[in-house]
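Student: Mind having a look at this structure? Questions to follow.
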Amino acid sequence: DAVKLGRPALPEEIKAWDIDVRPDGLGLPEGKGSVAQGEELFQNQCAMCHGEFGEGVGRWPVLAGGQGTLKSERPEKTIGSFWPDTSTIFDYVHRAMPFGAAQTLQPDEVYAIVAYLLYLNDVVPDDYVLSKENFPKVALPNQANFYDDDRETTEKAFWNANPCMKDCKPKVEITSHARVLDVTPDAGKQGDKPAGAVE
Amino acid sequence: DAVKLGRPALPEEIKAWDIDVRPDGLGLPEGKGSVAQGEELFQNQCAMCHGEFGEGVGRWPVLAGGQGTLKSERPEKTIGSFWPDTSTIFDYVHRAMPFGAAQTLQPDEVYAIVAYLLYLNDVVPDDYVLSKENFPKVALPNQANFYDDDRETTEKAFWNANPCMKDCKPKVEITSHARVLDVTPDAGKQGDKPAGAVE
Amino acid sequence: AAGVRPAAAEATPDPDIVNIPEWTQALGAGVNNHPYGIPSPFEKDVVRREVTWLTASSESSVSFTPLYALDGIITPNGLCFVRHHGGEAEIDPARHRFMIHGMVDKPLVFTMEDIKRMPGRTNRVYFLECAANSGMEWRGAQLNGCQYTHGMIHNVVYTGVPLRAFLEAAGVKPQGKWVLAEGADASAMTRSIPLEKAMDDCLVAWAMNGEALRPEQGYPLRLVVPGWEGNMWIKWLRRIEVGDQPWGQREETSKYTDLLADGRSRRFTFIMDAKSVVTSPSPQAPLRAKGPNVVSGIAWSGRGTITRVDVTLDGGRNWTTARIEGPALPRAMTRFYLDVDWNGEEMLLQSRAMDDTGYVQPTKAELRAVRGENSIYHNNGIQTWLVRSNGEAENVEVS
Amino acid sequence: AAGVRPAAAEATPDPDIVNIPEWTQALGAGVNNHPYGIPSPFEKDVVRREVTWLTASSESSVSFTPLYALDGIITPNGLCFVRHHGGEAEIDPARHRFMIHGMVDKPLVFTMEDIKRMPGRTNRVYFLECAANSGMEWRGAQLNGCQYTHGMIHNVVYTGVPLRAFLEAAGVKPQGKWVLAEGADASAMTRSIPLEKAMDDCLVAWAMNGEALRPEQGYPLRLVVPGWEGNMWIKWLRRIEVGDQPWGQREETSKYTDLLADGRSRRFTFIMDAKSVVTSPSPQAPLRAKGPNVVSGIAWSGRGTITRVDVTLDGGRNWTTARIEGPALPRAMTRFYLDVDWNGEEMLLQSRAMDDTGYVQPTKAELRAVRGENSIYHNNGIQTWLVRSNGEAENVEVS
Ligand code: HEC
Ligand code: HEC
Ligand SMILES: [Ca+2]
Ligand SMILES: [Ca+2]
Ligand SMILES: [Ca+2]
Ligand SMILES: [Ca+2]
Ligand SMILES: [Ca+2]
Ligand SMILES: [Ca+2]
Ligand SMILES: [Co+2]
Ligand SMILES: [Co+2]
Numbered sequence: 006d007a008v009k010l011g012r013p014a015l016p017e018e019i020k021a022w023d024i025d026v027r028p029d030g031l032g033l034p035e036g037k038g039s040v041a042q043g044e045e046l047f048q049n050q051c052a053m054c055h056g057e058f059g060e061g062v063g064r065w066p067v068l069a070g071g072q073g074t075l076k077s078e079r080p081e082k083t084i085g086s087f088w089p090d091t092s093t094i095f096d097y098v099h100r101a102m103p104f105g106a107a108q109t110l111q112p113d114e115v116y117a118i119v120a121y122l123l124y125l126n127d128v129v130p131d132d133y134v135l136s137k138e139n140f141p142k143v144a145l146p147n148q149a150n151f152y153d154d155d156r157e158t159t160e161k162a163f164w165n166a167n168p169c170m171k172d173c174k175p176k177v178e179i180t181s182h183a184r185v186l187d188v189t190p191d192a193g194k195q196g197d198k199p200a201g202a203v204e
Numbered sequence: 006d007a008v009k010l011g012r013p014a015l016p017e018e019i020k021a022w023d024i025d026v027r028p029d030g031l032g033l034p035e036g037k038g039s040v041a042q043g044e045e046l047f048q049n050q051c052a053m054c055h056g057e058f059g060e061g062v063g064r065w066p067v068l069a070g071g072q073g074t075l076k077s078e079r080p081e082k083t084i085g086s087f088w089p090d091t092s093t094i095f096d097y098v099h100r101a102m103p104f105g106a107a108q109t110l111q112p113d114e115v116y117a118i119v120a121y122l123l124y125l126n127d128v129v130p131d132d133y134v135l136s137k138e139n140f141p142k143v144a145l146p147n148q149a150n151f152y153d154d155d156r157e158t159t160e161k162a163f164w165n166a167n168p169c170m171k172d173c174k175p176k177v178e179i180t181s182h183a184r185v186l187d188v189t190p191d192a193g194k195q196g197d198k199p200a201g202a203v204e
Numbered sequence: 177a178a179g180v181r182p183a184a185a186e187a188t189p190d191p192d193i194v195n196i197p198e199w200t201q202a203l204g205a206g207v208n209n210h211p212y213g214i215p216s217p218f219e220k221d222v223v224r225r226e227v228t229w230l231t232a233s234s235e236s237s238v239s240f241t242p243l244y245a246l247d248g249i250i251t252p253n254g255l256c257f258v259r260h261h262g263g264e265a266e267i268d269p270a271r272h273r274f275m276i277h278g279m280v281d282k283p284l285v286f287t288m289e290d291i292k293r294m295p296g297r298t299n300r301v302y303f304l305e306c307a308a309n310s311g312m313e314w315r316g317a318q319l320n321g322c323q324y325t326h327g328m329i330h331n332v333v334y335t336g337v338p339l340r341a342f343l344e345a346a347g348v349k350p351q352g353k354w355v356l357a358e359g360a361d362a363s364a365m366t367r368s369i370p371l372e373k374a375m376d377d378c379l380v381a382w383a384m385n386g387e388a389l390r391p392e393q394g395y396p397l398r399l400v401v402p403g404w405e406g407n408m409w410i411k412w413l414r415r416i417e418v419g420d421q422p423w424g425q426r427e428e429t430s431k432y433t434d435l436l437a438d439g440r441s442r443r444f445t446f447i448m449d450a451k452s453v454v455t456s457p458s459p460q461a462p463l464r465a466k467g468p469n470v471v472s473g474i475a476w477s478g479r480g481t482i483t484r485v486d487v488t489l490d491g492g493r494n495w496t497t498a499r500i501e502g503p504a505l506p507r508a509m510t511r512f513y514l515d516v517d518w519n520g521e522e523m524l525l526q527s528r529a530m531d532d533t534g535y536v537q538p539t540k541a542e543l544r545a546v547r548g549e550n551s552i553y554h555n556n557g558i559q560t561w562l563v564r565s566n567g568e569a570e571n572v573e574v575s
Numbered sequence: 177a178a179g180v181r182p183a184a185a186e187a188t189p190d191p192d193i194v195n196i197p198e199w200t201q202a203l204g205a206g207v208n209n210h211p212y213g214i215p216s217p218f219e220k221d222v223v224r225r226e227v228t229w230l231t232a233s234s235e236s237s238v239s240f241t242p243l244y245a246l247d248g249i250i251t252p253n254g255l256c257f258v259r260h261h262g263g264e265a266e267i268d269p270a271r272h273r274f275m276i277h278g279m280v281d282k283p284l285v286f287t288m289e290d291i292k293r294m295p296g297r298t299n300r301v302y303f304l305e306c307a308a309n310s311g312m313e314w315r316g317a318q319l320n321g322c323q324y325t326h327g328m329i330h331n332v333v334y335t336g337v338p339l340r341a342f343l344e345a346a347g348v349k350p351q352g353k354w355v356l357a358e359g360a361d362a363s364a365m366t367r368s369i370p371l372e373k374a375m376d377d378c379l380v381a382w383a384m385n386g387e388a389l390r391p392e393q394g395y396p397l398r399l400v401v402p403g404w405e406g407n408m409w410i411k412w413l414r415r416i417e418v419g420d421q422p423w424g425q426r427e428e429t430s431k432y433t434d435l436l437a438d439g440r441s442r443r444f445t446f447i448m449d450a451k452s453v454v455t456s457p458s459p460q461a462p463l464r465a466k467g468p469n470v471v472s473g474i475a476w477s478g479r480g481t482i483t484r485v486d487v488t489l490d491g492g493r494n495w496t497t498a499r500i501e502g503p504a505l506p507r508a509m510t511r512f513y514l515d516v517d518w519n520g521e522e523m524l525l526q527s528r529a530m531d532d533t534g535y536v537q538p539t540k541a542e543l544r545a546v547r548g549e550n551s552i553y554h555n556n557g558i559q560t561w562l563v564r565s566n567g568e569a570e571n572v573e574v575s
């Protein structure tokens, strides 16, 4: 039998929470905004962290640039260099930005900011106006470079019933030492900052 | 092979900690004390909690009396009415009393206090002097009434492969309600004190 | 208290859905807000509780586990019941020593560092129940809440080394038949334990639920005596002596002996028999609505593994076997559930545990028939909660 | 740092034995000193730690589990690592709602009270590992301590109801293939999860290690996604939407995709592969003496149960199978030990986990050969600690 718990969700309630936007455009609200409008909003509400041109201030995230770096030693993963879907910008900025005042932006404002971020990433020209109608047509440059988890085939060698137990190598040498020797923050002697980053 | 951890315990170290006294007298230190000496010590260091005659002050433990109550609805379990072994008085008073100043009594003082507690419990006369030498001869009245765990035979019926599942009784009636309805101390309405006690 | 409300659809949108709450808009505290975390302020009532009028002093008393608010099988360290006889020893681990002596070839002293270097370290989940748990209830229903009737139990994962390893390192002489375990607190707590048990499954443990023992649980070292009376699990363990007979200590003569109706007393009743209790609903956790509800409870046995728990809603006339959910390990607390659809009728709720020795938890009447009402210890009788139509529950006994 | 001292007999009696310590003489604190208990003051360094320079703000950062000081298999709630993207939401449970909607017959709203009344409640032990755990180490040894290299993992018992029960109550339409899970915090965290997983073993959980979830772990409600990336275990869970395709959310595109050497990226790499690490000795837990010592570590696999862990002392030339001690449960942290007799020679310590699918934890070289060094996520390579003759340990890599 059916569980008699919970109650029907009202349409207004679903609407209030159902703010996600999918790559195919499902979930986009009515609205539109231009690069120019987006630039103003961005400079006022976003640039203090992400930089005037999305280049990032200090350790705050970089949002633009980085094209051609993905195979390098220091990949810069931005909207233009890495993200597959335009919808993600809309969805994420609307749900979580500005950091500290989430979900305060109106649909037209989000459209405008997304237009500006696309412009900063060389995806649209400076007179672009983004709207619900033209939205799904805007593809991002790196979209084709994502593929589904294939570890079970490409890493098949890691399934290995009998790993070596004795005399597995002739000689062992140390190839790398910890870069940050004294990381325990409360022990007083802060070491160098390492190369990596927690994302 | 033998574990290479730990180090030999020195005789002085064992002596410092090996303070237990067994029913057969093993562990008793040299020394002695009289009922009269014990009385003085007890009045000074013990009576404020246990009462002048071991009758207990407020909720502090009763140490004397209670003979003949063990089959009653309110058994009073004291040294004289319940305890099997004299050695336990010596051992416990020496290791744990006075409450708050444990292990401050000297052997002669403990002998004297034990003598006084035996006197209060009608086990020895008022001129008794207890010592390491005469110690094991003092048996306590209830000693014969202890026997080893026999649950596996006397409670054999509790091992019952097929307990009743359906129509196990004709009728069920409530025979007793919680005496202390509102026990949660921080809810403000403290109930009556119950009959039992946590020992 | 409880107010039973019917399940119904809302007519107007719920403001807690349509209005964005502050925690979805403004940033919350940073990740290291509490380097050692604490519960939500909304859980402030989930605490151990002492019943001050039970004892003369807080240093020799008990503070009970809030079983009614807990679930699963692990007791969080901060909520494990506390029973002291001389207060909480606050020990500097660098100054703590552990000695093995008596009828051994080679008396030994270990530092905490030595102990953590011993081979054979292991991890085991065990319940620890005070023999006096439910002791107030021998003469009839007394305290209104499973925190008080059954809250002298906890269940954690211990990390330690078998006591056997230390005994073997010292070399037990052939005459050795018992050990005395002693604590370093102000009660210098002692208990005699048969050598057979000491060599079987006892652990010398320094960690519970992954971290160091809590001070009130014996930091830095505690003896683990699986399935046996909690009082034997010596906290602040400093000494093991091997001997040829028991020591007749206060806690195995004056206390922790079981006075029967005929005036005689059982001693050495070490094992904790199979037992169970419904933790919710219960007096501190009333039902709040008709319809689907979960009867949740715990079962345990010092003799082995819980194999089955039955639940009755009608005071023992008819029983249904409950679901055991989560690991069911030997001498460990086991969680059971029964999903019920409650129409608001009064219920007389009970649970009945069975273990892999075939032992079945007895009724209180069955227990009293053998033991009378003066035993204080080892009350493992079946508990009854009367659940009224308004959802409130009360500790009662039934015919 | 470490000072290795020889084992030796004392010449004079130890003052910590022959002098009665204060805690054996004077009464300690009463039983209800801390109604919710806290660790010993001597354990004050066993805390979560943040590395502030890793991130721009503490509200989007990580505080690491002090694995080097823990043992057994359960992580105490106060020490479970913390990863937030918008700070710690402090939610009033009376105002929390859980909604199921999208491609379902009947969209539903549940209160916390409703959820706790659902049939099918269960308890399960699972590890939760952040996909970025060890992410700093792709380009070589970086941080000196397993708290930092491996401390984005914890392991607790969850109490909850299968997500399936809620999906079935709402009635998933045939087109439904994915669900979106969303949190109520200031990041409104979202992840797409295949419906198959959602219907398999995911739980909607409200308790961890017996008590309510901690605020930093999603109080009052969290999604449990056994064996999969920690980021998917949505905290402060408020919504499940059913759909016919994934949502391409920021945390499954910009983040939690694995950039390979050829510039392409794997997505939907949900499962956490088998992995292990020696937690002691390690840089924060040096050896302090020659002779017997215990190598202690943890192993886990998102694919199933850990069946074996091998340990090498010589950087991988020769391996010995370690003892697994304590419950070894599917998708749960497992504890292993190797007892060693250390003569003071330098060691290159490693551990290698195997699970019941036959997967063997790879070396870092083997991983890099397939993935390069830019992946950030899913670094489950074998960790090496160099233990010097003075007992100090350092994070290194070997040929
Ligand atoms: C106070 C600093 C701050 C402000 C102001 C701010 N952001 Fe952010 N932004 C962040 C942080 C921190 C993150 C990463 C959050 C996390 O860890 O999940 C972020 C992430 C982002 C991302 C995703 C980056 C990535 O690579 O995944 C985008 C896009 C973004 N912000 C856009 C904006 C926009 C648009 C605004 C203004 C409307 C804005 N931000 C205002 C701090 C800020
Ligand atoms: C401040 C109060 C106090 C003082 C002073 C005190 N006691 Fe006690 N005594 C107690 C308490 C409390 C207990 C029970 C401790 C426990 O729970 O383990 C006790 C227990 C005892 C017992 C065991 C009772 C039983 O039934 O098991 C004996 C015997 C005893 N005390 C003797 C003495 C003697 C002798 C002295 C003085 C040298 C003394 N006490 C001083 C409080 C006190
Ligand atoms: Ca949607
Ligand atoms: Ca430092
Ligand atoms: Ca002795
Ligand atoms: Ca009250
Ligand atoms: Ca205690
Ligand atoms: Ca977190
Ligand atoms: Co007993
Ligand atoms: Co991944």
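Chains as they are written, first to last, in the numbering used here: chain A, 6 to 204; chain B, 6 to 204; chain C, 177 to 575; chain D, 177 to 575.
Glycine included, C-beta positions come from ideal geometry on N, C-alpha and C.
Note that the coordinates shown come from a computational prediction; the quantities given were computed from them, not determined experimentally.
1) Closer than 8 Å: is that where the CB of D434(C) sits relative to any heavy atom of ligand 5?
2) Please work out which residues of its chain come closer than 8 Å, Cβ to Cβ, to N253(D), disregarding the five sequence neighbours upstream and downstream, and give them in chain order.
3) For F512(D), which three-state DSSP category applies?
4) Nearest-angstrom Cα distance between G480(C) and L255(D)?
5) Less than 7 Å between C-beta atoms, sequence neighbours within five positions excluded: which residues of the same chain meet that for A529(D)?
6) Does any residue of chain D have a CB that is nearer than 9 Å to the CB of D434(C)?
7) Who are the Cβ neighbours of S472(D) in its own chain at under 8 Å, not counting the five residues just before and after it?
8) According to a CB-to-CB cut-off of less than 8 Å, which residues of the segment 444–469 of chain C neighbour chain F?
9) Measure from the C-beta of V143(A) to each C-beta in chain D and report whether the shortest distance is under 9 Å.
10) Is it buried or exposed for N195(C), if we count other Cβ within 10 angstroms and need 16 for buried?
11) How long is the line joining the alpha carbons of A545(C) and P80(B), rounded to whole angstroms?
12) How long is the line joining the alpha carbons of G70(B) and Y535(C), rounded to whole angstroms?
13) Does DSSP put E57(B) in a helix, in a strand, or in coil?
14) With distances taken Cα to Cα, identify the nearest neighbour of W382(D) among E372(D), L397(D) and K373(D).
15) Show which residues of chain D have a CB atom less than 8 Å away from the CB atom of T109(B).
16) Does E186(C) come within less than 9 Å of chain D when only Cβ atoms are used?
17) Leaving out the 5 sequence neighbours to the left and right, which residues in its chain are closer than 6 Å to V337(D) when beta-carbon positions are compared?
18) Starting from Y324(D) and walking both ways along the alpha helix (DSSP H), at which residues does that stretch end?
Tutor: Let me lay it out:
1) no
2) Excluding its 5 nearest sequence neighbours in each direction, N253(D) has C-beta neighbours in its own chain below 8 Å: V332, M384, N385, E387, R390 and Q393, listed in chain order.
3) Strand at F512(D).
4) 32 Å
5) A450, K451, S452, A475, S477, I482, V485 and Q537
6) no
7) D247, V454, T455, S456, R511, F512 and Y513
8) The structure shown contains no chain F; its protein chains are A, B, C and D.
9) no
10) exposed
11) 18 Å
12) 39 Å
13) Taken through DSSP and simplified to helix, strand or coil, E57(B) comes out as coil.
14) L397(D)
15) Correct list: Q201.
16) yes
17) M294, G296, R297 and V380
18) C322 to T325
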